[in-house]
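All residue numbers for the sequence shown refer to our numbering, where the first residue is 2 and numbers rise by one. From the three backbone atoms N, C-alpha and C, an ideal C-beta is built for every residue, glycine too. The structure presented is a predicted model; accordingly, all values stated were derived computationally and were not measured. Okay, so here's the structure we're looking at.
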Amino acid sequence: MRNIIIALLFINYFGYSQNDTDKKLQLGVSYSLMNEETLFNNPFSMYANYEIKQWDNIGINVGLKTFYFSTKESSYLSDKWGFNPNISGSYYFKNTKLNSYFAIGYYYDSFETEATIIGTAINPKRNIKTNGMTLASGMKYFVHSNFFIDANLSLFFTKIKDEYYRTETGTNTLLNVGVGVTF
2 MRNIIIALLF INYFGYSQND TDKKLQLGVS YSLMNEETLF NNPFSMYANY
52 EIKQWDNIGI NVGLKTFYFS TKESSYLSDK WGFNPNISGS YYFKNTKLNS
102 YFAIGYYYDS FETEATIIGT AINPKRNIKT NGMTLASGMK YFVHSNFFID
152 ANLSLFFTKI KDEYYRTETG TNTLLNVGVG VTF
């Protein structure tokens, strides 16, 4: 973790050249290095962002991010796909390859549990849905005018509800590192 922070600081202070900000579409993939979810492995994610407006060094983007969570308990849990439509603001640092951003969005997913027997009790098959708000903040370092490295921290404030009307609230924090291209 310390090496990642040192690398990001190095990129921040020594990565000088003009960023090509006339690109509108960004596509990327990332892997989460940190996940507070106990039932699922660290997720992979894919995203697409489109810049709808830009003023000098500030841009407004709309996007969709998808998360794939594989289960740690494959005998009774299904894997899950999460979707996160969002809107973000970007700041392009002058004369650098850096782009910082802050995003706010809505998150939802759905997964199933299989019927299991616990002692003398039977836990029925359930369909569980998660939804809530997300906040993300991160940096993109452009190693080429069309290729970037992305590091971000995503916070999820969610409500989990199953078909038996049991509701829980919770938070999850993901530290994502990935790569992407821009067109």
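Residue i: CB within 7 Å of a non-hydrogen atom of the ligand NAD
{"i": "Thr114", "result": "Looking at this structure, you won't find the ligand NAD or any other ligand, since it has none at all."}
Residue i - containing beta strand (DSSP E), residue span
{"i": "Asp163", "result": "Phe148 to Asp163"}
{"i": "Glu113", "result": "Leu99 to Thr114"}
{"i": "Tyr69", "result": "Ile59 to Phe70"}
{"i": "Tyr77", "result": "Looking at the DSSP string, Tyr77 is not in any beta strand (DSSP E), and its letter there is neither H nor E."}
Where residue i falls: helix, strand or coil (DSSP)
{"i": "Glu169", "result": "strand"}
{"i": "Phe1", "result": "A query on residue 1 cannot be resolved here, the shown segment of the chain reaching from 2 to 184 and no further."}
{"i": "Lys130", "result": "strand"}
{"i": "Phe84", "result": "strand"}
{"i": "Asn43", "result": "coil"}
{"i": "Glu52", "result": "strand"}
{"i": "Gly16", "result": "With a pLDDT of only 39 at Gly16, under the threshold of 50, the placement of this residue in the model should not be trusted; the figure read from the coordinates follows. In this structure, Gly16 counts as coil in the three-state DSSP scheme."}
{"i": "Phe184", "result": "coil"}
{"i": "Lys24", "result": "coil"}
Own chain, CB closer than 7 Å to residue i, minus 5 neighbours either side, in chain order
{"i": "Gln19", "result": "Confidence in Gln19 is poor, its pLDDT being 38 and thus under 50, which makes the residue's placement unreliable; the coordinate value appears in the next sentence. The residues are Asn96."}
{"i": "Leu10", "result": "Only weak support is given to the placement of Leu10: the predicted model assigns it a pLDDT of 49, under 50, and the value that follows is read from those uncertain coordinates. Closer than 7 Å at Cβ, skipping near neighbours: no residue."}
{"i": "Lys73", "result": "Leu40, Phe41 and Asn42"}
Short Cβ contact (8 Å threshold) for residue i with residue j
{"i": "Asn50", "j": "Asn58", "result": "no"}
{"i": "Phe157", "j": "Asn173", "result": "yes"}
{"i": "Ser71", "j": "Phe41", "result": "yes"}
{"i": "Thr170", "j": "Asn132", "result": "no"}
{"i": "Ser91", "j": "Tyr107", "result": "no"}
{"i": "Asn100", "j": "Tyr93", "result": "yes"}
{"i": "Lys81", "j": "Ser111", "result": "yes"}
{"i": "Glu115", "j": "Tyr77", "result": "yes"}
{"i": "Thr67", "j": "Met47", "result": "yes"}
Residue-level contact to chain C via CB, residue i, 8 Å cutoff
{"i": "Phe45", "result": "The structure shown contains no chain C, having only a single protein chain."}
Contact set for residue i: own chain, Cβ-Cβ below 6 Å, skip 5 residues either direction
{"i": "Glu38", "result": "Asn173"}
Residues near residue i in its chain [Cβ-Cβ closer than 8 Å; skip 5 each side]
{"i": "Ile88", "result": "Ile61, Asn62, Val63, Gly64, Ala104, Ile105 and Gly106"}
{"i": "Arg167", "result": "none"}
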